[in-house]
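Numbering (our numbering), first residue to last: 6 to 44.
Heads up, the beta-carbon is just placed ideally off N, CA and C, and yes, glycines get one too.
Report on the following structure.
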């Protein structure tokens with residue numbers, strides 16, 4: 006039961022962190038590309 010509750014809490018947190026990380030990556034790439042930075 007404790008494992009289920011833990012995954013129930015950590016699941017959405019991991020999902021939110023993944024989405025935030027994705028958004029930060031997209032913003033960083035768009036800022037770098039708009040400033041003329043090339044890989």
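_Taking the straight line between their C-alpha atoms, what separation do you get for residue 15 and residue 9?_
10 Å
*asked:* Just to confirm the assignment, what range does the alpha helix (DSSP H) spanning residue 16 have?
replied: 7-39
*Measure the alpha-carbon distance for residue 32 versus residue 13 and round it to whole angstroms.*
29 Å
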